[in-house]
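Accompanying notes for the structure given below.
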Amino acid sequence: MNHRFTLEPYSGLKSRFRCPNCGKNNCFSLYVDIQKNKYIDISVGRCNREIKCGYHYTPKQYFEDHQDQKPKTAPIKRTPSKQLVPNKIGYIDPYILKRSITSKHSNYFLSYLSTIFDAVTVQKLQSKYHIGTSKKWNGATVFWQVDFTGKIRSGKIMLYNRVTGKRIKKPYNHISWIHKALHKHDYFLKQCFYGEHLIKTSTNPIAIVESEKTAIIASVFLPEFTWLASGSLSNLTYEKTKVLKGLQVILFPDLNAYDKWKEKIASLHPETTYQISDLLERKATIEQRKNGLDIADYLVALDMEKYLRE
20 MNHRFTLEPY
30 SGLKSRFRCP
40 NCGKNNCFSL
50 YVDIQKNKYI
60 DISVGRCNRE
70 IKCGYHYTPK
80 QYFEDHQDQK
90 PKTAPIKRTP
100 SKQLVPNKIG
110 YIDPYILKRS
120 ITSKHSNYFL
130 SYLSTIFDAV
140 TVQKLQSKYH
150 IGTSKKWNGA
160 TVFWQVDFTG
170 KIRSGKIMLY
180 NRVTGKRIKK
190 PYNHISWIHK
200 ALHKHDYFLK
210 QCFYGEHLIK
220 TSTNPIAIVE
230 SEKTAIIASV
240 FLPEFTWLAS
250 GSLSNLTYEK
260 TKVLKGLQVI
270 LFPDLNAYDK
280 WKEKIASLHP
290 ETTYQISDLL
300 ERKATIEQRK
310 NGLDIADYLV
320 ALDMEKYLRE
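Using our numbering, the final residue of the sequence shown is 329, and nothing's skipped along the way.
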């Protein structure tokens with residue numbers, strides 16, 4: 020059964036649906052019956068909002084609950100790809116990455132970093148983490164995913180508030196991908212860790228957080244680690260952690276996500292030494308828990324020398 024059913028690979032917002040649990044749109048991945056090339060049911064899938072929702076209804080659970088019924092076909096927005104698990108990984112021309120990094124257009128995320136760090140530090144961060152600029156939206160940022168071998172998997176395009184550093188989510192969530200902006204049809208995106216290219220030349224322990232922004236900021240305050248970002252908890256997988264074989268890794272989950280990240284460790288590549296930080300869980304106030312802050316929020320807001328002594 021496990022080989023017959025798979026979550027539909029991401030190919031744009033048309034491949035994501037409204038979650039039946041939390042009601043949010045464009046965040047629900049449906050399971051596909053590969054043999055029939057159809058969705059199993061509109062309820063069978065996983066919400067990508069792992070922390071705030073966590074809904075995951077598997078094919079096994081569905082058929083256990085519907086033993087006397089044939090699987091229903093969900094109404095679909097489009098026919099699932101005939102090649103549900105393509106073998107060929109998509110890559111982007113390095114020239115496009117270089118052009119985005121040298122772009123003179125406004126980049127609100129870099130503007131925000133300039134309110135925290137000096138110009139030289141911001142420039143070093145842009146080069147180190149391949150922070151580019153996109154014309155998708157005015158002020159948009161590209162977080163380029165460059166893998167261990169130096170190949171460019173794609174670039175995640177996001178828009179931030181230049182003053183607060185918060186993501187722009189209204190009137191819609193401003194997030195897209197370079198391969199979509201380049202109109203690369205049938206592009207197979209196989210994500211890697213953001214910052215993965217740094218592993219090859221690093222002798223430091225690896226620190227993994229969820230967001231690209233957090234990895235970048237934390238790398239300045241705590242340079243004794245090499246900081247990577249998974250992009251989401253669902254991207255912290257056995258396959259992606261193969262590149263961490265033989266390394267020491269410390270996970271830094273956002274507030275309220277500690278237990279879920281801890282559970283994940285058992286499913287990751289076993290030939291890696293994992294630790295998980297409970298620093299935020301121990302120190303957070305009720306208000307901070309409500310806001311679901313991450314370690315970058317603390318690093319920016321607090322006196323770090325005093326904070327780490329406590």
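Glycine included, each C-beta is placed from N, C-alpha and C at the ideal position.
Beta strand (DSSP E) segment containing residue i, residue limits
i	result
GLN164	159-165
PHE128	Counting along the chain, PHE128 falls outside any beta strand (DSSP E), though it belongs to the alpha helix (DSSP H) covering 127-132.
SER119	Run containing SER119: none in the beta strand (DSSP E); it sits in the alpha helix (DSSP H), 113-120.
ASP52	47-52
ILE171	171-177
VAL268	267-270
Where residue i falls: helix, strand or coil (DSSP)
i	result
ILE227	strand
SER153	strand
TYR74	coil
ILE135	coil
TYR233	The residue asked about is misnamed: residue 233 is Thr in this sequence, not Tyr. In the structure shown, THR233 sits in a helix (DSSP, three-state: H, G or I).
ARG65	strand
LYS107	coil
ARG23	coil
TYR212	Checking the sequence shown, residue 212 turns out to be Phe, not Tyr. The answer is coil: DSSP assigns PHE212 none of H, G, I, E or B.
ARG308	helix
TYR293	strand
ILE59	coil
Rounded straight-line distance, which links the Cα of residue j to that of residue i
i	j	result
VAL228	PHE207	24 Å
TYR293	HIS149	26 Å
VAL139	ARG118	20 Å
TYR74	LYS123	42 Å
THR219	GLY42	The identity of residue 219 in the sequence shown is Lys, whereas the question assumes Thr. Spanning the two alpha carbons is a distance of roughly 42 Å.
ILE314	ASP137	20 Å
SER125	ASN157	7 Å
HIS216	ASP166	5 Å
ASN254	ALA248	9 Å
ASP60	LEU49	8 Å
LEU312	LEU298	12 Å
ASN56	ILE171	30 Å
Residue i - containing alpha helix (DSSP H), residue span
i	result
ALA248	That residue, ALA248, is in no alpha helix (DSSP H); its beta strand (DSSP E) goes 245-248.
CB contact below 8 Å: residue i versus chain C
i	result
ILE194	Absent from the structure is chain C; it holds one protein chain and no more.
Residue i: CB within 7 Å of a non-hydrogen atom of the ligand PLP
i	result
CYS38	In the structure shown, the ligand PLP is absent, as is every other ligand, since no ligand is present at all.
Burial state of residue i (16 or more Cβ within 10 Å)
i	result
VAL51	buried
ARG35	buried
GLY265	exposed
VAL182	exposed
THR222	exposed
GLU231	buried
ARG65	buried
LYS259	buried
ALA320	exposed
Selected residue, minimal CA-CA separation from residue i, among the options
i	options	result
LYS154	GLU83, SER195 and SER133	SER195
LEU26	PRO39, ASN44, ASN40 and ASN67	ASN67
HIS202	ILE269, LYS143 and ILE111	ILE111
THR291	LEU298, ILE235 and THR256	THR256
TYR191	GLN142, LEU32, ARG23 and GLN307	LEU32
PRO289	LYS143, GLN267 and MET177	GLN267
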